[in-house]
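What follows is a short report on a single structure.
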Amino acid sequence: MTATATKPTTGRSLPDLPERAQWRATLAIAHKELDDAVRSRWFWMWAIAFALLAGVLASVALPGSRIAGSASFGRTAASLVALVQVIVPLMGLTLGAQSIAAQRESGALRFLLSHPVNRTEAFWGFHLGLSAALLAAASAGFGAAGIVTAIRSGGAQAGAFLRITLLAWILVIAMLGVGMFISAFTRRASSALGVAVFVWLAFVFLGDLGLMGTAVATRMPVDALFFATVANPIEAFRLAALGSFVGSLDILGPAGTYAVDALGPALMPVIVGVLVLWMILPSVGAWIRFRTSKDV
Amino acid sequence: MDRPAIETRGLSHAYGSVVALHDVDLQIPPGRVGLVGANGAGKTTLIRILLGMLTPTRGTAEVFGLDTRAYELEVRARVGYMPEGNCLPPDQTAADFLIYAAALGGLPSRAARQRASDVLTLVGLEEERFRPLGGFSTGMKQRTKLAQAIVHDPELVFLDEPTAGLDPEGREEMLELISRLGSFGIDVLVSSHVLGDIERTCDWVVMLEGGRVLRSGPLASLVDVDTVEVDLIDDPEPLIAVLVAAGAAVERSGTRLLVTADGKDPFLLVRDALADTGTGIRSMGPRSTSLEDVFLAVEGSR
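Line by line, the protein sequences give chains E and P. Every position in the first sequence, counted from 1, becomes a number in the working numbering once 47 is added. Every position in the second sequence, counted from 1, becomes a number in the working numbering once 5 is added.
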């Protein structure tokens, strides 16, 4: 409300808009987003594909579990991490990229903002609903893998399994935020989707192969290589996940050894902190852009 | 005018170099108001500013005395909006969509369900409430859009081209519904380029053209021009001469005359002139000027 706001001149009292009612609108938007996502073919395609692949990977990786025990779980976990690295970011990015731009394009955003709902409530309603949908889809995959793992190797590695699940949840919300950031700056849903796929390729492939090539070509110092790696949210997830069930990052070679030596016990909190920052910053950036945008 | 429902002062808005509204000053009373103008006249821009969805480049807008920039949520809590374009999710049922709209309006869950049911009955969609909106006809979609605009019990509702795309029967039903809104204590602002619709449903008219206000006033004062239409059997010339001598303006088209007289009753002038000249007539009566005539005349005079 601006300082120069015109005072109401009617005798009518202002309508009551208590905080509870505003949360009601946010929850209503979140509920609708979740419903829409669950009705969408894409949601089921991702959820089923992820669950099938995770279940198959767990089955294939565990045949020697009665003999090898935790080593077998290590194979399962490594396979799951590799799967999550590819699929989960794509899920979050594409769903997020289509959120605001598609609503703007279809006129749904204009409809929404014609009600007593402000842009902040609308944005966090979208975010909450899509987060719930993505967590459900990701959980379906981990549920399938978890059931297979529990049946074949018992519950000995349940803690490590849950930690990887939690990290995957953080990754998918981070990628949703990046997708929504793209969407907030894009007018058309198809353009947003194109940019999201490019960003996914950059994170998954260029961030890995590109970084390796750059490191060799420029003789990048090991500390710079480590921090450049960790700055990529997918790599941060991989390092955090591997660290959570292997216990050390020495297996990653010189960069891993450097990280262990340089950061010591702070290593895992730093990596997880990077992931958490990726979860927060793009979402907040998207919110600020959406809040200040004049487009309806 | 006691207290305007809508008031704008020096309101201007531009999309880049394109000026959509130019220095619009309006005072619109409560009731049924028509906002007329060709496509691109600035009607939708004005509505979006009044809803607080657009920030004007210059000037102020108030709805019920509330500045639309400072009190956008309060304004939208008291105003409903039926957009022109399609905003209906095809997979959602009419009932779910209305419950969602009611929840956005701040109604608790149970009240939202009850209100959605009541409003769907009001617009004649109670039998269709569990059907997905994607399968609705254009008329049913328009009625659903009207229903969502009034589901939170607003005091004023903005209807943007409510009869667009409707067949004659659907149009009649929509106009009937709009006319009935007043009996529920809901004021209406109808934006349309179909002047006949405005004439049938509104009692105040705002004419926009090129982002400027051409006219704003009661419908009766705009369309009730005192003109007498006379169809003659005999030669019109003697009658015309007498009427002109008496200070009337006469427009002739074959045996038909249109007679107007500033400050005098044209009926009395025609009656006296007919008696003086002994001219025979086929018919005589008032010629009511349609809103379209007024619009074209005002637009043409600019």
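Note that beta-carbon positions come from the ideal geometry of N, C-alpha and C, so glycine has one too. Since the model is a prediction, treat every value here as computed from it, not as a measurement.
The beta carbon of P:L244 sits closer than 6 angstroms to those of A278, T282 and T284, all from its chain and outside the five residues before and after it, given in chain order.
Not flagged as an interface residue toward chain P: E:F170, since no C-beta distance is shorter than 7 angstroms.
Nearest in C-alpha terms to E:K341, of all of E:S330, E:R151 and E:G260, is E:R151.
Under the three-state reduction of DSSP output, P:D267 falls in the coil class, being neither helix nor strand. Looking from the CA of E:T123, the closest CA among E:L289, E:M267, E:S237 and E:L74 belongs to E:L289. For E:E80, DSSP records no beta bridge to any residue. Non-local beta-carbon contacts of E:V107 in its own chain, meaning distances under 8 angstroms to residues more than five positions away in sequence, involve S126 in chain order. In this structure, DSSP gives E:F228 a helical state, which the three-state scheme calls helix.
Counting C-beta pairs with one atom in each stretch, the segment 150-168 of chain P and the segment 83-91 of chain P have three or more that are closer than 8 angstroms, which means they touch.
Not one beta carbon of chain E lies nearer than 7 angstroms to the beta carbon of P:D158. In the structure shown, the three-state DSSP call for E:S87 is coil. If you draw a 10 Å sphere on the C-beta of E:M138, you find 16 or more other C-beta atoms in it, and that means buried. Taking a cut-off of 8 angstroms on C-beta distances, the segment 37-44 of chain P does not touch the segment 12-29 of chain P, as fewer than three cross pairs fall below it.
Interface residue (Cβ-Cβ distance to chain P less than 7 angstroms): E:R157 is classified as such.
E:A231 is the residue among E:L99, E:L286, E:A231 and E:T265 whose C-alpha sits nearest the C-alpha of E:W334.
The three-state reading of DSSP puts E:T261 in helix, counting H, G and I together. Close partners of P:G110 in chain E (Cβ separation under 7 angstroms): H162 and P163. Taking all protein chains in view, the Cβ of E:F208 is crowded by 16 or more other Cβ atoms within 10 Å, so the residue is classified as buried. The bridge partners DSSP lists for P:A66 are P:T13.
The C-beta of P:P88 comes closer than 7 angstroms to at least one C-beta of chain E. About 7 angstroms separates the CB atoms of E:L322 and E:L214; that is less than 8 angstroms, so the two are in contact. Neighbourhood of P:T60 in chain E, by CB distance below 7 angstroms: K341, in chain order. Beta-carbon to beta-carbon, P:L262 and P:P241 are separated by about 6 angstroms, close enough to satisfy the 8 angstroms threshold. For the options E:A148, E:V219, E:V164 and E:P268, the alpha carbon positioned closest to that of E:S178 is the one of E:V219. Chain E has no Cβ within less than 7 angstroms of the Cβ of P:L40. Taking C-beta atoms as the reference points, E:A149 and E:A236 count as a pair closer than 7 angstroms.
When C-beta atoms of the segment 275-286 of chain E are compared with those of the segment 303-321 of chain E, three or more pairs fall below 8 angstroms, so the two segments count as touching.
Taking C-alpha positions only, P:G201 is separated from E:L240 by approximately 45 angstroms. Interface criterion not met: the Cβ of E:A205 is under 7 angstroms from no Cβ in chain P. In the DSSP assignment, E:Q204 falls outside any alpha helix (DSSP H) and carries neither an H nor an E. Per DSSP, the beta-bridge partners of P:L31 are P:T13.
Non-local beta-carbon contacts of E:L104 in its own chain, meaning distances under 8 angstroms to residues more than five positions away in sequence, involve T123, S126, L127, L130 and A192 in chain order. Secondary structure at E:F274: helix, using DSSP grouped into helix, strand and coil. Leaving aside the five residues that flank P:L237 on each side, the residues in its chain whose CB is nearer than 8 angstroms to its CB run, in chain order, L244, T260, R261, L262, T284, G285, I286 and R287. Look at E:P163 here: in three-state DSSP terms it is coil, with no helix or strand label. Per the coordinates, the alpha-carbon of P:A117 lies some 44 angstroms from the alpha-carbon of E:A205.
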